[in-house]
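**Student:** I'd like to ask you about the structure that follows.
Numbering (my numbering), first residue to last: 51 to 310.
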């Protein structure tokens, strides 16, 4: 299947993979800086944004298969990849399989302990139910810095600083993604992310993590680098789960310095 995507800029290709419940618009704060030096392809994953869901099984493996097919079809088989959250896990899975080039994985999922997985299941599950229930009043809630902070505190270290239109877009996409529930169940019940022995990935890997990530605890970064021993770890200060929202300039600089 094809995926809704945008393709902008010139230079070495760079594939951007968003996280659970998001869309290609999650890269809006950094895409202009990236396209100044790279040909950037930002996608909507199957069942998110404007891309229809996958038929049949929806899992990390199935999404990785769909991404691999998309990369081959669009002459991106050796493109560098940047992923956020679930998209970061997918970027690592692609590299583990030998697909793509350099990888920047921002707070990848799948490296949790049993207790951390339970935290993710309970808190993220409660959050999505609340966000769906509040959709009729999402616009005024996103416009108010107090309620915006309450709704996005698990995802951002400073939700009150986020632009209201950006916050509203994220709240809408969380509620509207048809594959959210299926992928969420797959993350909770499916296997954890496999690692890759030293010297076996498609290219160099950088794993980025926010010090104030309240969704995927920063301690998971240690397990991620243990499973991907070739990876370099980059810490974002004053940053929650989405570095591209909390620290966009630093995120763009890290991506450009680590790819191409």
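Think of the CB as a built atom: it goes at the ideal place given N, C-alpha and C, for glycine as much as any other residue.
Among the candidates 299, 268, 274, whose CA atom is the shortest distance from the CA of residue 285?
**Tutor:** Ranking 299, 268, 274 by Cα distance to residue 285 puts 268 first.
**Student:** Measure the Cβ-Cβ separation of residue 121 and residue 65 and say whether it is below 8 Å.
**Tutor:** If you check the CB distance, residue 121 and residue 65 come in under 8 Å.
**Student:** Out of 70, 59, 279, 128, which has the shortest C-alpha to C-alpha gap to residue 232?
**Tutor:** 70
**Student:** Find out if the Cβ-Cβ distance for the pair residue 243, residue 87 is shorter than 8 Å.
**Tutor:** The Cβ atoms of residue 243 and residue 87 lie no closer than 8 Å to each other.
**Student:** Identify the continuous alpha helix (DSSP H) that holds residue 170 and give its terminal residues.
**Tutor:** From DSSP, the alpha helix (DSSP H) with residue 170 extends over 164–183.
**Student:** Can you tell me the Cα-Cα spacing of residue 196 and residue 210, whole angstroms?
**Tutor:** 7 Å
**Student:** Hey, residue 218 and residue 202: beta-carbon distance below 8 Å or not?
**Tutor:** no
**Student:** What residue range is occupied by the uninterrupted alpha helix (DSSP H) comprising residue 282?
**Tutor:** Note, residue 282: premise wrong, no alpha helix (DSSP H); beta strand (DSSP E) at 282–286.
**Student:** Just grab the DSSP bridge partners of residue 63 for me.
**Tutor:** According to DSSP, which records beta bridges pairwise, residue 63 is partnered with 89.
**Student:** Measuring only the C-alpha atoms, how far is residue 306 from residue 84?
**Tutor:** Per the coordinates, the alpha-carbon of residue 306 lies some 7 Å from the alpha-carbon of residue 84.
**Student:** Expressed to the nearest angstrom, what Euclidean distance is found between the alpha-carbon atoms of residue 182 and residue 248?
**Tutor:** So the alpha carbons of these two residues sit roughly 43 Å apart.
**Student:** Do residue 260 and residue 291 come within 8 Å of each other at the CB atom, strictly closer than that value?
**Tutor:** yes
**Student:** State yes or no: is the C-beta of residue 132 within less than 8 Å of the C-beta of residue 67?
**Tutor:** In contact: residue 132 and residue 67 (Cβ atoms closer than 8 Å).
**Student:** Alpha carbon to alpha carbon, how far is residue 280 from residue 295?
**Tutor:** 27 Å
**Student:** Would you kindly work out how many angstroms separate the C-alpha atoms of residue 158 and residue 283, rounded to a whole number?
**Tutor:** 12 Å
**Student:** If you scan the stretch 103–163 from start to end, which runs of the alpha helix (DSSP H) of 4 or more residues do you find wholly inside it?
**Tutor:** Taken in chain order, the complete alpha helix (DSSP H) segments of 4 residues or longer contained in the stretch 103–163 are 110–123, 136–147.
**Student:** Among 91, 189, 206, 270, which has the Cα closest to the Cα of residue 139?
**Tutor:** 270
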